[in-house]
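Using our numbering, the letters of the sequence shown map in sequence onto residues 51 to 188.
We treat Cβ as the ideally placed atom computed from N, Cα and C, and that holds for glycine.
Notes to accompany the following structure.
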Amino acid sequence: MVNLLYFEDLNVGDQLKFDTRISGEQVERYLDSVGDGYRRHIENAVEKYGNLVPPHLIPGILANTTIGVRAYPTLALIELSYRFFGPVHIGDELQIIDEVISKREISRKIGKVKLNRKATCDNSLVLEARIEHRLLRR
Numbered sequence: 051m052v053n054l055l056y057f058e059d060l061n062v063g064d065q066l067k068f069d070t071r072i073s074g075e076q077v078e079r080y081l082d083s084v085g086d087g088y089r090r091h092i093e094n095a096v097e098k099y100g101n102l103v104p105p106h107l108i109p110g111i112l113a114n115t116t117i118g119v120r121a122y123p124t125l126a127l128i129e130l131s132y133r134f135f136g137p138v139h140i141g142d143e144l145q146i147i148d149e150v151i152s153k154r155e156i157s158r159k160i161g162k163v164k165l166n167r168k169a170t171c172d173n174s175l176v177l178e179a180r181i182e183h184r185l186l187r188r
């Protein structure tokens, strides 16, 4: 069961921790969600690197996939910036920590939340990201 976290559920300084295993299905769902019908570049990466997930897909997969037991009821993903520190392969278990760094009310129905995200695999940092969401309010 997914536990939705609304704007009011989050406070500056909160840390949300969860794990996810990167699967081929997640990659396919993400590519479908962005309308990427040309899969040859993915097939080329698999042929060359085995089960390595192309790095440019990882932030989107993590931002657009319901992960573990928490999800944000996102109206819009406003900002997504990231830096890579290591490879991610299909089958890797990632430990994700989202820290709320700011939040602001936009209207009675919408709030804006900025998160810093760190993803590690086997205790090694693989990704840092900054994410800004427009979230539903209760």
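Query, Result
"State buried or exposed for Asp-172, treating a residue as buried only when at least 16 other CB atoms are found within 10 Å of its CB.", "exposed"
"Decide if His-183 is buried, meaning its Cβ has at least 16 other Cβ atoms within 10 Å, or exposed.", "buried"
"Taking the alpha-carbon positions, what's the Ile-181 to Lys-98 distance?", "31 angstroms"
"Exposed or buried, what is Asp-69 when buried is set at 16 or more other beta-carbons lying within 10 Å of its beta-carbon?", "exposed"
"With a CB to CB cut of under 8 angstroms and the five nearest residues on each side skipped, what residues in its chain are close to Glu-129?", "Lys-164, Arg-180, Ile-181 and Glu-182"
"So is Phe-57 buried or exposed if we call it buried at 16+ other beta carbons inside 10 Å?", "buried"
"Of all Cβ atoms in chain C, is any one closer than 8 angstroms to the Cβ of Asn-166?", "Within the model displayed, chain C is absent; a lone protein chain is all it includes."
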